[in-house]
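Below you'll find the structure, written out as structure tokens, and then a few comments.
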């Protein structure tokens, strides 16, 4: 893996026609989460969302963005994480990083009350939330989207609900994110996850089913793989010294594991001063008039927390 700190590592369990992926976000988790002064509970959930976006986004071959969005009526009203694949001209170079970013919106007072009451992570989004997966291939291209209700106690539970409802592919998944306290009071973040999934091509786990086609054997094999994956400790997902390859082999070496090239990841936000100006140019006349009355026009990117400051004459210059 060429010493990559942040990556998605695909693997295959050869004996059972099952694909998997390990995601490790070491420096990248800090790059995203430390840009915002979120409460720990919000950062943990957003860290897991970043892992899930990287996990699913790197499974797809597309140009554009893969967007994971969670919305609800609870103390956390929105979580968004998106993945942009590496430049397609460099698609054969696994060291060319794909881009990952994310942000959250929440009510501080309501969040404090919910945490005091002992709400589960997913309950922080309320009881009427939903999760959307969107593939945005750019202008003039069709967007693909799947939406499912938020169910369960954790983001991993919600992701399983998506696969069961929309993809109907047997899947098991584990996600983790946590702060790491360093000497001198400095905090860094780590996030990671692992997923295994039956391949859609055969609809089954055992490509060489026994002559009797015993469905119990297939179920038993899958159940065993699920149990093995759930033995993964959060510390294994978060420890930068435990590689994705080591983790996959620890769990599934008896079944035969084949690992592929890891896909490098990095924090990336495409916002620029010119893009913000282009956005301002598209505002309605009433919005433009209201902003022109201000001494300065200030726009903050919710993803990277970068502030852009303009004089009205620059922000709304003709043509």
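In our numbering, the protein residues as written are 1176 to 1494.
Where is the CB? At the ideal position from N, CA and C, for every residue including glycine.
Predicted, not measured: the structure shown is a model, and the values here were computed from it.
Check: When you compare each of 1313, 1337, 1396 to residue 1241 by their alpha carbons, which one comes out closest?
Finding: Residue 1241 has its Cα closest to that of 1313, out of 1313, 1337, 1396.
Notebook entry, point to check: Do the CB positions of residue 1218 and residue 1363 come within less than 9 Å of each other?
Noted result: No, Cβ-Cβ distance for residue 1218 and residue 1363 is not below 9 Å.
Checklist line | Cutoff 6 Å; reference residue 1280; Cβ partners in own chain excluding five residues on either side | finding: Excluding sequence neighbours, residue 1280 sits near 1252, 1253.
Margin query: Ignoring anything shorter than 4 residues, give me the alpha helix (DSSP H) runs that lie fully in the stretch 1225–1309, in order along the chain.
Written below: Those alpha helix (DSSP H) runs which fall completely within the stretch 1225–1309 and span 4+ residues are 1283–1291.
Notebook entry, point to check: Cβ atoms of residue 1235 and residue 1307: under 9 Å apart, would you say?
Noted result: Going by C-beta atoms, residue 1307 is not nearer than 9 Å to residue 1235.
Check: Ends of the alpha helix (DSSP H) at residue 1453?
Finding: Taken as a continuous stretch (DSSP letters only), the alpha helix (DSSP H) holding residue 1453 covers 1448–1456.
Next item on the list: Please determine if the stretch 1319–1335 and the stretch 1291–1310 are in contact, where contact requires at least 3 C-beta pairs separated by less than 8 Å.
Entry: Contact between the stretch 1319–1335 and the stretch 1291–1310 is present: three or more C-beta pairs spanning the two stretches fall below 8 Å.
Next item on the list: Give me the Cβ distance between residue 1184 and residue 1440, rounded to the nearest whole Å; I'm assuming they're in contact under 8 Å.
Entry: That pair is no contact at about 11 Å.
Check: Hey, residue 1289 and residue 1223: beta-carbon distance below 9 Å or not?
Finding: For residue 1289 and residue 1223, no; Cβs fall outside 9 Å.
Notebook entry, point to check: Starting from residue 1370 and walking both ways along the beta strand (DSSP E), at which residues does that stretch end?
Noted result: Where residue 1370 is concerned, the enclosing beta strand (DSSP E) stretches over 1362–1373.
Next item on the list: Name the residue from 1397, 1334, 1492, 1343 whose alpha carbon lies nearest to the alpha carbon of residue 1228.
Entry: For residue 1228, the nearest C-alpha among the options comes from 1334.
Notebook entry, point to check: Rounded to a whole number of angstroms, what is the C-alpha to C-alpha distance between residue 1346 and residue 1403?
Noted result: One C-alpha to the other measures close to 13 Å.
Margin query: Can you tell me where the alpha helix (DSSP H) holding residue 1473 begins and where it ends?
Written below: It is not in any alpha helix (DSSP H) - residue 1473 instead sits in the beta strand (DSSP E) that spans 1472–1475.
Check: Rounded C-beta distance between residue 1301 and residue 1248? I'm assuming under 8 Å.
Finding: In this structure, residue 1301 and residue 1248 form a Cβ contact; the two beta carbons are roughly 4 Å apart against a cut-off of 8 Å.
Next item on the list: Note down, in chain order, each residue of its chain lying with its Cβ closer than 8 Å to the Cβ of residue 1263, except the 5 sequence neighbours on either side.
Entry: Confidence at residue 1263 is low in this model, with a pLDDT of 47, below 50, so the placement of that residue should be treated as unreliable; the coordinate-derived value is given next. Closer than 8 Å at Cβ, skipping near neighbours: 1238.
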